[in-house]
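Enquirer:
Numbering (this note's numbering), first residue to last: 447 to 774.
(1) Taking the beta strand (DSSP E) that residue 654 belongs to, which residues open and close that run?
(2) Who are residue 621's beta bridge partners in DSSP?
(3) Only counting the same chain, and skipping five residues up and downstream in sequence, which positions put a Cβ closer than 8 angstroms to that of residue 723?
(4) Using DSSP with H/G/I as helix, E/B as strand and the rest coil, what is residue 522?
(5) Under a Cβ-count criterion, where at least 16 other Cβ atoms within 10 Å of its own Cβ denotes burial, should residue 528 be classed as buried or exposed?
(6) Quick check on residue 517: does DSSP put it in helix, strand or coil?
(7) Figure out for me which residue from 668, 657, 690, 688 has the closest Cα to the Cα of residue 676.
(8) Taking the alpha carbon of residue 618 as the reference point, which residue from 774, 450, 452 has its own alpha carbon closest?
(9) Give me, in chain order, the residues of the same chain whose beta-carbon lies closer than 6 angstroms to that of residue 530; leave out the 5 immediate sequence neighbours on both sides.
(10) Which runs of the alpha helix (DSSP H), 4 residues or longer, sit entirely within the segment 718-754?
(11) Here's the rule: buried if 16 or more other CB atoms are within 10 angstroms of the residue's CB, otherwise exposed. What is residue 634?
(12) Reducing DSSP to helix, strand and coil, say where residue 577 ends up.
(13) Count the other CB atoms, across all protein chains shown, that sit within 10 Å of the CB of residue 699; report buried if there are 16 or more and exposed otherwise.
(14) Let me know the secondary structure DSSP gives residue 479 once reduced to three states.
(15) Below 9 angstroms between beta carbons: does that hold for residue 595 and residue 472?
(16) Spatial neighbours of residue 489 within its chain, please: C-beta separation below 8 angstroms, excluding the five flanking residues on both sides.
(17) Might you give, ordered along the chain, the residues of its own chain that have their beta carbon closer than 8 angstroms to the beta carbon of residue 570, omitting 5 neighbours on each side?
(18) Of all the CB atoms in chain B, is at least one closer than 9 angstroms to the CB of residue 500?
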């Protein structure tokens, strides 16, 4: 019988996708349960079918007002604690990093659900909840290196970032431009995306626009009658599977496209590509403009996010032209 392993990854879609090599490797040696947001169920079917998913929207992952404790779903939290404690996990781990180390909230959660061995990055004030602390990777390392560090503790080997096995893609000849992102500060201006799509179409390159629900009306009013607005991760995957190239913001859809075998071109803003570039070996990006607060965890101190708004249309188009010439 395989030992039981609980993995806590309660944040964004991109974080879950980056964890894919670890989840796949762990499922070969452990009976894996992943605690994650509900969209992990759709990801599981495509990326890690050997992993069991338990869904939970942790209130502390909200962008605003995350510590209004009186609004927390306490009944759901108590039920979740009871459900997970019944599993009697042999191991539990969190690979999340904050500026001060590991995530104390994850560490406490591992403790209260009773995981026998609790593994995470050391953090002042929460190492008492862990049975084994892990040395954090280089501060400039990609987020994927956190999972490689965890794999080492469990005596698993993950490939270096440039050697991850990505499935080959069939040629459909279409570019998917996705203009959405988890936070508005990560969104390159929609008008710039419209101009980019127009210029590509003038070169006889088919372009499919996809967007977030709050952007749909803008695209329709701009004449994009066939804009796609995925309401589930499964619908997003269907759009990705029809594309040869993905162009978009620093967002979950870009990370997902990379693991579905689609080379990505990412327009970064407040986040650092050395930390969060998509893992497809052919992926490229343009960096956000210099800001004294970069990276700001999406909490911009200015009236508008200059780091991404000042990334020019001509700069992006020139880079995209070279990117496409090598891939289409």
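Glycine residues also receive a C-beta, built at the ideal position from the N, C-alpha and C atoms.
Expert: Short version:
(1) Note, residue 654: beta strand (DSSP E), 653-656.
(2) 653, 691
(3) 588, 712, 729, 731
(4) helix
(5) exposed
(6) helix
(7) 657
(8) Closest option to residue 618, Cα to Cα, is 774.
(9) Scanning its chain for C-beta atoms nearer than 6 angstroms, with the 5 sequence neighbours on each side dropped, one finds around residue 530 the residues 559, in chain order.
(10) 719-722
(11) That one is buried.
(12) Coil, per DSSP.
(13) buried
(14) strand
(15) no
(16) 459, 462, 463, 679, 702
(17) 546, 547
(18) As a matter of chain content, chain B is missing from the structure shown, which is built from one protein chain.
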